[in-house]
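Using my numbering, the letters of the sequence shown correspond one by one to residues 4 to 104.
Each residue gets a CB set at the ideal place from its N, CA and C atoms; glycine is no exception.
Notes to accompany the following structure.
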Amino acid sequence: GGCGPLHVVLGAAADEVRARADLTGSAVTVNPGWEEGMGSSLRLGLAALAGTGADAALVMLVDQPGIGAEAVARVRGAYRSRASLVAASYDGERGHPVLFG
Numbered sequence: 004g005g006c007g008p009l010h011v012v013l014g015a016a017a018d019e020v021r022a023r024a025d026l027t028g029s030a031v032t033v034n035p036g037w038e039e040g041m042g043s044s045l046r047l048g049l050a051a052l053a054g055t056g057a058d059a060a061l062v063m064l065v066d067q068p069g070i071g072a073e074a075v076a077r078v079r080g081a082y083r084s085r086a087s088l089v090a091a092s093y094d095g096e097r098g099h100p101v102l103f104g
């Protein structure tokens, strides 16, 4: 997909994910308010990117492992400007990844 820096927000199973997943090269934030839902994780992730120089954020959910580098590359290719919002589409339905410019 070619995105960077990579930032991962972990929630309820943070310790298990750290033990099982290769997070090498990723910045990791643990969301203590994970029970509040995905919105709280998104807020933490976007806040963590502030000051990194990133001009966009591509959001993927970890419980959708079938989405690979090709989908990320297509969404990145559709990105045009800081004002862009791009989402993948599957059989006419919007899905992940989503890119916020």
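Sub-8 Å separation of residue i and residue j beta-carbons
{"i": "Q48", "j": "T32", "result": "Strictly speaking, residue 48 in this sequence is Gly, with Gln absent from that position. Contact: yes."}
{"i": "P100", "j": "V75", "result": "yes"}
{"i": "Y82", "j": "A57", "result": "no"}
{"i": "R77", "j": "A90", "result": "no"}
C-alpha gap between residue i and residue j, whole angstroms
{"i": "L88", "j": "G69", "result": "22 Å"}
{"i": "L26", "j": "E19", "result": "12 Å"}
{"i": "M41", "j": "G98", "result": "15 Å"}
{"i": "S44", "j": "A17", "result": "12 Å"}
{"i": "L61", "j": "R23", "result": "23 Å"}
Coil, strand or helix - residue i by DSSP
{"i": "R83", "result": "coil"}
Supposed contact pair residue j and residue i - C-beta distance, whole angstroms, cut 8 Å
{"i": "G54", "j": "W37", "result": "23 Å between Cβ atoms; not a contact."}
Sequence ranges, beta strand (DSSP E) only - wholly within the stretch 42-74, length at least 3: 60-62
With a floor of 3 residues, list each beta strand (DSSP E) that falls wholly inside the stretch 12-38, ordered by position along the chain. 29-33
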